[in-house]
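Participant:
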Amino acid sequence: MPKIKRNIEAAGRSRSRSVWLAVYLMFLALAAGTAWVQLNPNTRIVEQSQKQYWATVAVSSSRGRIEDRNGISLAVSVPATSFFIDPKFWSPDSAGVLTPIFGAETAKKFAKPLNGRFHWVARNLSTPQAEALAREKVPGLYTLTEKTRVYPHGSLASHVLGFCDIDGNGLSGIELAWNHILFSPQRTRLITRDLSGRAVDSMGGKSGIGKDTAGSIKLTLDSRIQQIVEWRLAEGAKAVQAEWASGVCVDPYTGEIIALASYPALDLGNRKSFADERTIRNNVVGRVFEPGSIFKPVSMAIALEVGATSPAAKYQCKGSVRVADKIIHDNNNQAHGIETLTQVLMNSCNVGMSTMAMKVQRHQAYGLIKQFGFGEKTNVEIAGEEAGLVQSPESWLGTVTANIFIGQGIAVTPLQQIMAISSIANGGMLMKPYIVDEARDSDGVLLHKGSRRVRYQVMSKQTADFVRNAMKMVVSDGGGMQAASKRTTIAGKTGTAQIASSGKYVKGQYVASFVGFWPADKPRYAMLINIGEPKGRRYYGSQLAAPVFKAIVEDVVQITQNK
Amino acid sequence: MSSSVYYKHEGEKTHSSFFLISFFCIFVCAALLGSLRLYGLYLERRISETNSRIEQQKEDNLEMSKHFSELLSPARIYSYAREELGMMNAENIMTVRLTDSSIGTEERAAVQVSDSGSSFFDYINPFISRAHAKN
Chain A
1 MPKIKRNIEA
11 AGRSRSRSVW
21 LAVYLMFLAL
31 AAGTAWVQLN
41 PNTRIVEQSQ
51 KQYWATVAVS
61 SSRGRIEDRN
71 GISLAVSVPA
81 TSFFIDPKFW
91 SPDSAGVLTP
101 IFGAETAKKF
111 AKPLNGRFHW
121 VARNLSTPQA
131 EALAREKVPG
141 LYTLTEKTRV
151 YPHGSLASHV
161 LGFCDIDGNG
171 LSGIELAWNH
181 ILFSPQRTRL
191 ITRDLSGRAV
201 DSMGGKSGIG
211 KDTAGSIKLT
221 LDSRIQQIVE
231 WRLAEGAKAV
241 QAEWASGVCV
251 DPYTGEIIAL
261 ASYPALDLGN
271 RKSFADERTI
281 RNNVVGRVFE
291 PGSIFKPVSM
301 AIALEVGATS
311 PAAKYQCKGS
321 VRVADKIIHD
331 NNNQAHGIET
341 LTQVLMNSCN
351 VGMSTMAMKV
361 QRHQAYGLIK
371 QFGFGEKTNV
381 EIAGEEAGLV
391 QSPESWLGTV
401 TANIFIGQGI
411 AVTPLQQIMA
421 ISSIANGGML
431 MKPYIVDEAR
441 DSDGVLLHKG
451 SRRVRYQVMS
461 KQTADFVRNA
471 MKMVVSDGGG
481 MQAASKRTTI
491 AGKTGTAQIA
501 SSGKYVKGQY
511 VASFVGFWPA
521 DKPRYAMLIN
531 IGEPKGRRYY
541 GSQLAAPVFK
551 AIVEDVVQIT
561 QNK
Chain P
1 MSSSVYYKHE
11 GEKTHSSFFL
21 ISFFCIFVCA
31 ALLGSLRLYG
41 LYLERRISET
51 NSRIEQQKED
61 NLEMSKHFSE
71 LLSPARIYSY
81 AREELGMMNA
91 ENIMTVRLTD
101 SSIGTEERAA
111 VQVSDSGSSF
121 FDYINPFISR
131 AHAKN
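Now the structure itself:
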């Protein structure tokens, strides 16, 4: 009997062990199966689930800051809200809520059944607009935070700064030329949906992973002087209904661009204005024009350098002079009589300059004009620069040399012209202009430092001093008296050039200019003002550009007098 | 025979305890792992929240930076000076250099001069604060 009992217990224990073993094996199989599914999932199922619950969206990231020489931000990126629709949870009947903010056209687009899982509705909306719509909590309509480019000072320095597309890629100006520093690659946002279809920005809390790599740019611009130049230029241009205008102010000793203004101004907040070619062009670097009489100081310097004239030389002006087969006239055929070299410039005498030009060999003149930087880009760090036009000396036949000496038959950009005049102001050195003072990476490491660079010694100091004094006399006693100021001494030269089209000068179309520097004895700033194609009877540089120049100088003197 | 039964019984008792201990250990380990996972999730949530706050602060900083830049706008300062503070243009101030031979140094003096021939551009003169100070 005990034997039988023992056998029953043994059988019971054996069954117990089998149950445990079965449970063990079952758990083991489940664990192995789970591990297998987790570690080696079926790709088709993974893709399907990803489509169902996730959406990967590329959104713009923070773009680098642009600031002026005093550290004032001119362009920054700020958060903005974008809206998208998930058709799975979107009802076309809800499209009406889009109308007040996005318009009927957008609402109509989403009033029909949609395919896929992701459709942009609008991007980079301002906070008040976005909040109003987000409060509605429309099923299927979700928000996403992006970065949008803003220019805190409106249109200030708009032509220098340029603009970006909606994804933060630079399209013009500094934004384009320095895109490699300012641009931070788009960040991928992984949008996860919960059971109710609400979007969860799962990358939002892990910004450290997608760290912005955008650097920053510090410009040589002074926003105060920039503002003054823009205001005065716009006033001057509007007063005569000019088609275009430009103003550029530089430090003649370093080549730093202090202010650069182009009219019509570009409204960076209104993207529709970008379609207007007239508005979008940066007239300082992107427009070429015949300089007219503002080229005469350069011509005179060339003549002095090659020995075609001397400070003691005298010229007789009878109002016109025959050069080769043509006659070059002075303004209104006015005869200036016997003139010294300084008086030739003071009277802006075409006859005197043409007589001087006849003694200059064309190849020499061409070489020196090229050395002054005309006919080639200055390589300033702004996109869209033109090279201008200087014909090769082989084609300088007949009156061409004389014409070029009075500023005709040559096409320059305002920036080239001001750099050439700066060389007169600083004692003969042609400087390379620059507008980017510093470029830093996202960690603040200095990548580029703008610095003073002398391109050529284009004239001797004696020549520069002579021409500078002559330009000073132009303003104090000559044709540029409208620019004279009691607050500082100005040296300058007026210019009025006709506009050529299809090989002929267009009647009634002029460019009025004034170029100069101040204080005349030790210049701190050099500036060129152009007013293009003014309407009305007044079109001379002395009438239109010189008063603008004077107004700017007087404003600038007040804010910089203690420096 | 009885001795062989005794030994078998002893062996069975030892095996059952091993199972129990193993089960207990596995349970404890599973509980520990579960707790660690939960704690990990909790930490992840905390980190996520902290990162969100950092992100939010960065965005706030950007907004404030924009606002700060707007406040420094020359156009705004000019408008404020004229419209809010009632500041007027100081067109009657000029700077001249005087050489005093007895002292031998160059001085600047702000001298008031009459400026009857003011032009349109003279009327609008935004940058005047320094000129007022000199006056």
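As they're listed, the protein sequences go chains A and P. Reading the first sequence from the start, the letters are residues 1 to 563 in this note's numbering. Reading the second sequence from the start, the letters are residues 1 to 135 in this note's numbering. Just so it is clear, CB atoms sit at the ideal spot from N, CA and C, and this is done for glycine as well.
In terms of DSSP beta bridges, what is residue 525 of chain A paired with?
Facilitator: Taking the first sequence and counting its residues from 1, one reaches residue 525 of chain A at position 525. According to DSSP, residue 525 of chain A bridges with A:518.
Participant: Consider the Cβ of residue 35 of chain P: report whether some Cβ of chain A lies at a distance smaller than 8 angstroms.
Facilitator: Here residue 35 of chain P refers to the residue found at position 35 when the second sequence is read from its first residue. For residue 35 of chain P, the answer is no, since every Cβ of chain A falls outside 8 angstroms of its Cβ.
Participant: If the criterion is Cβ atoms closer than 8 angstroms, does the pair residue 497 of chain A and residue 181 of chain A meet it?
Facilitator: Taking the first residue of the first sequence as 1, we reach residue 497 of chain A at position 497. Taking the first residue of the first sequence as 1, we reach residue 181 of chain A at position 181. Cβ atoms of residue 497 of chain A and residue 181 of chain A: not closer than 8 angstroms.
Participant: Among A:164, A:320 and A:352, whose alpha-carbon lies nearest the alpha-carbon of residue 334 of chain A?
Facilitator: Here the question's residue 334 of chain A lines up with position 334 in the first sequence. It is A:320 whose Cα lies nearest to the Cα of residue 334 of chain A.
Participant: How big is the Cα-Cα spacing for residue 565 of chain A and residue 327 of chain A?
Facilitator: Residue 565 of chain A lies beyond the range of chain A shown here (1 to 563); nothing can be said about it.
Participant: CB-CB under 6 angstroms to residue 448 of chain A, same chain, minus the five flanking residues each way: which ones, in chain order?
Facilitator: Along the first sequence, one-based indexing puts residue 448 of chain A at 448. Once the five neighbours on either side are set aside, the close Cβ partners of residue 448 of chain A are 439.
Participant: If we call anything under 8 angstroms between Cβ atoms a contact, is residue 467 of chain A one with residue 300 of chain A?
Facilitator: Against the first sequence, residue 467 of chain A aligns to sequence position 467. Against the first sequence, residue 300 of chain A aligns to sequence position 300. Result yes, Cβ atoms of residue 467 of chain A and residue 300 of chain A sit closer than 8 angstroms.
Participant: Could you tell me whether the Cβ atoms of residue 344 of chain A and residue 352 of chain A are closer together than 8 angstroms?
Facilitator: Here residue 344 of chain A refers to the residue found at position 344 of the first sequence. Here residue 352 of chain A refers to the residue found at position 352 of the first sequence. Result yes, Cβ atoms of residue 344 of chain A and residue 352 of chain A sit closer than 8 angstroms.
Participant: Run through the DSSP bridge pairs and tell me what residue 448 of chain A is partnered with.
Facilitator: Numbered from its first residue, the first sequence carries residue 448 of chain A at position 448. According to DSSP, residue 448 of chain A bridges with A:439.
Participant: Give a yes or no on whether the minimum CB-CB distance between residue 18 of chain P and chain A is below 8 angstroms.
Facilitator: Within the second sequence, residue 18 of chain P is the residue found at index 18, counting from 1. Answer no: the Cβ-Cβ gap between residue 18 of chain P and chain A never drops below 8 angstroms.
Participant: With distances taken between CB atoms, is the gap from residue 525 of chain A to residue 556 of chain A smaller than 8 angstroms?
Facilitator: Along the first sequence, one-based indexing puts residue 525 of chain A at 525. Along the first sequence, one-based indexing puts residue 556 of chain A at 556. Yes.
Participant: Residue 241 of chain A versus chain P: which residues are under 9 angstroms apart at the beta carbon?
Facilitator: Looking up residue 241 of chain A in the first sequence gives position 241. Those within 9 angstroms of residue 241 of chain A in chain P number zero; the least Cβ separation is about 16 angstroms.
Participant: Can the beta-carbon of residue 92 of chain A be found closer than 8 angstroms to that of residue 118 of chain A?
Facilitator: To locate residue 92 of chain A, count along the first sequence from 1; it is residue 92. To locate residue 118 of chain A, count along the first sequence from 1; it is residue 118. No; because the gap between Cβ atoms is not below 8 angstroms, this pair is not in contact.
Participant: Here's the rule I'm using: 16 or more other beta-carbon atoms within 10 Å means buried, otherwise exposed. How should residue 164 of chain A be labelled?
Facilitator: As a working note, residue 164 of chain A is residue 164 in the first sequence. Buried.
Participant: Return the chain-ordered list of same chain residues with a C-beta closer than 8 angstroms to the C-beta of residue 362 of chain A, the five sequence neighbours on each side being excluded.
Facilitator: In the first sequence, residue 362 of chain A corresponds to position 362, counting from 1. The answer, listed in chain order, is 393, 396, 400 and 401.
Participant: Consider the Cβ of residue 150 of chain A: report whether some Cβ of chain P lies at a distance smaller than 8 angstroms.
Facilitator: Locating residue 150 of chain A in the first sequence gives position 150, where the first residue counts as 1. Yes, its Cβ sits closer than 8 angstroms to a Cβ of chain P.
Participant: Any idea what DSSP makes of residue 122 of chain P, helix, strand or coil?
Facilitator: Counting from one through the second sequence, the residue named residue 122 of chain P turns up at place 122. Because residue 122 of chain P sits at a pLDDT of 46, beneath the cut-off of 50, its placement in the model cannot be relied upon, and the point is left open.
Participant: How about residue 365 of chain A and residue 388 of chain A: do their beta carbons lie closer than 8 angstroms?
Facilitator: In the first sequence, residue 365 of chain A corresponds to position 365, counting from 1. In the first sequence, residue 388 of chain A corresponds to position 388, counting from 1. No. Outside cutoff.
Participant: Mapping the DSSP letters down to three states, classify residue 474 of chain A as helix, strand or coil.
Facilitator: Your numbering for residue 474 of chain A matches position 474 in the first sequence. Correct three-state label for residue 474 of chain A: helix.
Participant: Give the residues of chain A in contact with residue 70 of chain P, contact being defined as C-beta atoms less than 8 angstroms apart.
Facilitator: Position 70 of the second sequence, counted from the start, is the residue given in the question as residue 70 of chain P. Result: 152 and 153.
Participant: Reducing DSSP to helix, strand and coil, say where residue 358 of chain A ends up.
Facilitator: Walking along the first sequence from the start, residue 358 of chain A turns up at place 358. The answer is coil: DSSP assigns residue 358 of chain A none of H, G, I, E or B.
Participant: Could you list which residues in chain A have their beta carbon closer than 9 angstroms to that of residue 62 of chain P, in chain order?
Facilitator: Taking the second sequence and counting its residues from 1, the one referred to as residue 62 of chain P is at position 62. Result: 62, 76, 77, 78, 79 and 147.
Participant: Can you give, in chain order, each stretch of the alpha helix (DSSP H) that sits fully within the segment 380-443 of chain A and has at least 4 residues?
Facilitator: 400-405 and 414-425, all fully within the segment 380-443 of chain A.
Participant: Verify the CB distance criterion: does residue 20 of chain A have a CB-CB separation below 8 angstroms to chain P?
Facilitator: The residue you call residue 20 of chain A lines up with position 20 of the first sequence. For residue 20 of chain A, the answer is yes, since a Cβ of chain P falls inside 8 angstroms of its Cβ.
Participant: Just the Cα atoms here: how many angstroms apart are residue 70 of chain A and residue 314 of chain A?
Facilitator: Indexing the first sequence from 1 puts residue 70 of chain A at position 70. Indexing the first sequence from 1 puts residue 314 of chain A at position 314. Rounded to whole angstroms, residue 70 of chain A to residue 314 of chain A spans 49 angstroms at the Cα level.
Participant: State the Cα-Cα distance for the pair residue 46 of chain A and residue 29 of chain A, rounded to the nearest angstrom.
Facilitator: What you label residue 46 of chain A is simply residue 46 of the first sequence in a count that begins at 1. What you label residue 29 of chain A is simply residue 29 of the first sequence in a count that begins at 1. Cα to Cα, the separation comes out at about 23 angstroms.
Participant: Does chain A have any CB closer than 8 angstroms to the CB of residue 59 of chain P?
Facilitator: As a working note, residue 59 of chain P is residue 59 in the second sequence. Closer than 8 angstroms: yes.
Participant: Under a three-way DSSP split, which group does residue 375 of chain A fall into?
Facilitator: Translated into positions along the first sequence, residue 375 of chain A becomes position 375. In this structure, residue 375 of chain A counts as coil in the three-state DSSP scheme.
Participant: Which of the residues in the segment 330-352 of chain A, read from start to end, lie with their CB under 9 angstroms from any CB of chain P?
Facilitator: The residues in question: there are none.
Participant: Just reading off the beta strand (DSSP E) that residue 105 of chain A is part of, what are its end residues?
Facilitator: Along the first sequence, read from residue 1 onward, the residue named residue 105 of chain A stands at position 105. Note, residue 105 of chain A: premise wrong, no beta strand (DSSP E); alpha helix (DSSP H) at 104-109.
Participant: Any Cβ of chain P within less than 8 angstroms of the Cβ of residue 73 of chain A?
Facilitator: The count along the first sequence starts at 1 and reaches residue 73 of chain A at position 73. Closer than 8 angstroms to some Cβ of chain P, the Cβ of residue 73 of chain A qualifies, so yes.
Participant: Once the 5 residues before and after residue 179 of chain A are set aside, which same chain residues still bring their CB inside 6 angstroms of it?
Facilitator: If you number the first sequence from 1, residue 179 of chain A lands on position 179. Cβ neighbours of residue 179 of chain A beyond the five flanking positions: 170.
Participant: Please check the pair residue 71 of chain P and residue 77 of chain A, which I expect to be a contact at CB under 8 angstroms, by giving their CB distance rounded to whole angstroms.
Facilitator: In the second sequence, residue 71 of chain P corresponds to position 71, counting from 1. In the first sequence, residue 77 of chain A corresponds to position 77, counting from 1. That belief does not hold up - the Cβ atoms of residue 71 of chain P and residue 77 of chain A are roughly 18 angstroms apart, past 8 angstroms.
Participant: May I ask you to report which of helix, strand or coil DSSP gives residue 462 of chain A?
Facilitator: Position 462 of the first sequence, counting from 1, holds the residue named residue 462 of chain A. If DSSP states are grouped into helix, strand and coil, residue 462 of chain A belongs with the helices.
Participant: DSSP three-state call for residue 112 of chain P: helix, strand or coil?
Facilitator: Position 112 of the second sequence, counted from the start, is the residue given in the question as residue 112 of chain P. Bear in mind that the predicted position of residue 112 of chain P carries a pLDDT of just 42, short of 50, making it unreliable; the figure below should be weighed with that in mind. Here residue 112 of chain P sits in strand by DSSP.
Participant: Measure the alpha-carbon distance for residue 130 of chain A versus residue 97 of chain A and round it to whole angstroms.
Facilitator: The sequence position of residue 130 of chain A within the first sequence is 130, counting from 1. The sequence position of residue 97 of chain A within the first sequence is 97, counting from 1. Rounded to the nearest angstrom, the two C-alpha atoms are 13 angstroms apart.
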